[in-house]
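A.B. asks:
In the working numbering, the protein residues as written are 2 to 156.
1) Alpha carbon to alpha carbon, how far is residue 134 from residue 112? Give it in angstroms, no decimals.
2) Which term fits residue 154, buried or exposed, when burial requires 16 or more other beta carbons within 10 angstroms of its beta carbon?
3) Can you tell me where the alpha helix (DSSP H) with residue 10 in it begins and where it stops?
4) Which one or two residues does DSSP pair with residue 130 in a beta bridge?
5) Which stretch, first to last residue, makes up the beta strand (DSSP E) that contains residue 18?
6) Could you check where the beta strand (DSSP E) with residue 52 kicks off and where it finishes?
7) Do you know whose CA, among 38, 58 and 68, lies nearest residue 52's CA?
8) Looking only at its own chain, which residues have a Cβ that is under 8 Å from the Cβ of residue 9, when we skip the five neighbours before and after it?
9) Hey, would you say residue 16 sits closer than 8 Å to residue 54, going by beta carbons?
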């Protein structure tokens with residue numbers, strides 16, 4: 002997608018389902034949770050007014066960044082504008098199908114995530130498809146004119 006298309010998508014979106022938000026592992030320091038990439042991105046997007054639904058089937062019911070974790074995309078009753086994915090590329094065709102069923106507007110695959118089948122599923126259903134880009138960094142670059150962009154880590 003071109004920059005102008007991404008900017009319009011982000012301007013017109015209010016809700017993001019973030020698949021692959023990290024949960025606290027047994028015995029892990031809680032501070033580490035705030036530093037995990039998906040959690041940093043989630044908090045950042047919340048700070049800019051997006052309603053972000055964390056999805057992690059192994060952490061359903063937990064609270065991450067003040068939001069209840071959902072087991073799946075289907076378990077969210079609200080409309081979802083963007084399905085943002087922090088999972089391996091080989092899992093994305095199934096996620097693309099869920100995004101289509103949910104009638105989302107876009108499938109966004111984070112850095113290092115790309116899948117031709119997921120792209121085909123999304124595009125055949127008129128879903129916008131963004132791959133191998135960080136939603137947080139694109140927001141910073143397009144709206145805040147921050148370049149280079151780095152995550153802000155706070156304890």
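All C-beta atoms, glycine included, are put in the ideal place defined by N, C-alpha and C.
Computed from a predicted structure; not experimentally measured.
C.D. replies: Short version:
1) Mapped onto the chain shown, residue 112 falls at position 111. Mapped onto the chain shown, residue 134 falls at position 133. When the Cα atoms are used, residue 112 and residue 134 turn out to be separated by approximately 5 Å.
2) To locate residue 154, count along the chain shown from 1; it is residue 153. Caution is warranted here: a pLDDT of 44 is assigned to residue 154, below 50, making its placement in the model unreliable, and no coordinate value can be reported.
3) Taking the first residue of the chain shown as position 1, residue 10 is located at position 9. Element bounds for residue 10: 4 to 13.
4) What you label residue 130 is simply residue 129 of the chain shown in a count that begins at 1. According to DSSP, residue 130 bridges with 108.
5) As a first step, residue 18 must be located in the chain shown, where it is residue number 17. Segment 16 to 20, the beta strand (DSSP E) holding residue 18.
6) Against the chain shown, residue 52 aligns to sequence position 51. From DSSP, the beta strand (DSSP E) with residue 52 extends over 52 to 56.
7) One-based indexing of the chain shown puts residue 52 at position 51. When only C-alpha atoms are compared, the closest one is 68.
8) For this step, residue 9 is matched to residue 8 along the chain shown. Within the same chain, no residue comes within 8 Å of residue 9 by CB-CB distance, once the 5 residues on both sides are set aside.
9) Looking up residue 16 in the chain shown gives position 15. Looking up residue 54 in the chain shown gives position 53. In contact: residue 16 and residue 54 (Cβ atoms closer than 8 Å).
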